[in-house]
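Protein chains in written order, with the working numbering: chain L, 489 to 595; chain G, 27 to 144.
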């Protein structure tokens with residue numbers, strides 16, 4: 489199985505700050521990588537797919553990049569509503585696997 | 027609008043089975059497949075498997091023998107049965123829509139909470 493190593497596991501950031509979360513796959517996943525946001529008590533919400541494509545309706549402050557084994561999610565200017573837990577997921581081959589999550593809190 | 031409506035919370039005894047449902051609406055059910063995902067405190071998120079509208083399945087080896095996915099395209103509903111339940115099966119289970127093949131999860135159900143307790 490492909491292992492997804494996500495970092496950091498938690499972070500504090502200020503409103504307006506630029507933040508980046510990374511995911512490293514144990515092998516090349518050919519950009520079959522998506523990012524989710526999950527808020528307490530809610531189901532996940534997909535933000536990015538195919539490494540860098542924004543899902544319709546997701547604010548443009550979110551962006552994804554990367555290739556091969558290394559990927560990142562960037563929020564260009566942190567908003568209060570961005571608090572939550574972020575996960576990456578590869579869907580290059582079965583079984584799909586998730587990163588361990590990054591808990592984002594506002595300072 | 028696309029909706030995936032899951033069945034309600036379950037509280038069951040160890041050793042029994044439970045069947046969770048996920049009804050799709052607002053889209054053509056036969057154009058998509060359904061994934062199932064487990065979220066627990068211990069293991070965070072785990073992909074259980076995928077079932078296409080015609081019943082073709084692919085399971086995470088870890089869940090073979092534990093989970094059985096089925097689909098009823100006449101009612102646009104996907105099901106997942108979990109067998110021989112133990113406390114380790116206590117979790118939130120989500121369905122999520124994607125196409126067969128390499129596709130992301132465009133929509134998620136609201137989750138079904140399963141509690142296994144004596």
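Think of the CB as a built atom: it goes at the ideal place given N, C-alpha and C, for glycine as much as any other residue. If you're wondering where the values come from, they're calculated on a predicted model, not measured in any experiment.
C-alpha distance - residue i paired with residue j, whole-angstrom precision
i             : j             : result
residue 509/L : residue 124/G : 24 Å
residue 507/L : residue 533/L : 19 Å
residue 565/L : residue 60/G  : 34 Å
residue 142/G : residue 63/G  : 17 Å
residue 529/L : residue 122/G : 17 Å
residue 523/L : residue 555/L : 14 Å
residue 114/G : residue 562/L : 35 Å
residue 541/L : residue 552/L : 7 Å
residue 36/G  : residue 550/L : 36 Å
residue 31/G  : residue 48/G  : 5 Å
residue 582/L : residue 548/L : 31 Å
residue 518/L : residue 511/L : 13 Å
residue 557/L : residue 144/G : 44 Å
residue 520/L : residue 559/L : 10 Å
residue 570/L : residue 543/L : 16 Å
residue 585/L : residue 527/L : 20 Å
residue 135/G : residue 502/L : 31 Å
residue 525/L : residue 40/G  : 32 Å
residue 50/G  : residue 133/G : 10 Å
residue 76/G  : residue 140/G : 20 Å
residue 492/L : residue 72/G  : 12 Å
residue 490/L : residue 498/L : 22 Å
Option in the options with minimal Cα separation from residue i
i             : options                       : result
residue 494/L : 593/L, 594/L, 589/L and 595/L : 589/L
residue 56/G  : 101/G, 136/G and 84/G         : 101/G
residue 33/G  : 110/G, 104/G and 40/G         : 104/G
residue 27/G  : 45/G, 53/G, 68/G and 118/G    : 53/G
residue 45/G  : 72/G, 130/G, 96/G and 132/G   : 96/G
residue 119/G : 127/G, 112/G and 108/G        : 108/G
residue 74/G  : 91/G, 68/G and 58/G           : 91/G
residue 66/G  : 99/G, 80/G, 116/G and 111/G   : 116/G
residue 43/G  : 130/G, 70/G, 127/G and 94/G   : 94/G
residue 572/L : 539/L, 593/L, 536/L and 500/L : 593/L
Under 8 Å by beta carbon: chain L residues contacting residue i
i            : result
residue 87/G : 583
residue 84/G : 582
Where residue i meets chain L, residues with beta-carbon distance less than 9 Å
i             : result
residue 140/G : Chain L residues near residue 140/G: none, gap ~15 Å exceeds 9 Å.
residue 62/G  : The premise fails here: residue 62/G is roughly 11 Å from chain L at the closest Cβ pair, so nothing lies under 9 Å.
residue 34/G  : Near residue 34/G there are no residues of chain L at all, since even the closest Cβ is about 15 Å away, more than 9 Å.
residue 136/G : 530 and 531
Bridge partner(s) assigned by DSSP for residue i
i             : result
residue 67/G  : DSSP lists no partner for residue 67/G.
residue 561/L : 509/L and 552/L
residue 36/G  : 140/G
residue 43/G  : The partner list for residue 43/G (beta bridge, DSSP) is empty, contrary to what the question assumes.
residue 50/G  : 30/G
residue 529/L : None, per the DSSP bridge assignment.
residue 595/L : Looking at the DSSP assignment, residue 595/L forms no beta bridge with any residue, so it has no partner.
residue 443/L : The structure shown does not extend to residue 443/L, since chain L spans only 489 to 595, so no value can be given for it.
residue 494/L : 511/L
Chain-ordered chain L contacts of residue i [CB-CB under 7 Å]
i             : result
residue 120/G : 531
Contact list for residue i against chain G, beta-carbon separation under 8 Å
i             : result
residue 514/L : Residues of chain G passing the Cβ test: none, with the nearest at roughly 16 Å.
residue 522/L : 130 and 131
Contact list for residue i against chain G, beta-carbon separation under 9 Å
i             : result
residue 589/L : 70 and 71
residue 586/L : 63, 70, 71, 72 and 73
Amino acids of chain G, ordered along the chain, whose beta-carbon sits closer than 7 Å to that of residue i
i             : result
residue 534/L : 130, 131 and 132
Identify every run of the beta strand (DSSP E) within the region 56-139 of chain G, keeping only runs that are complete inside it and at least 3 residues long; order them along the chain. 59-66, 70-77, 83-85, 93-98, 103-108 and 117-124
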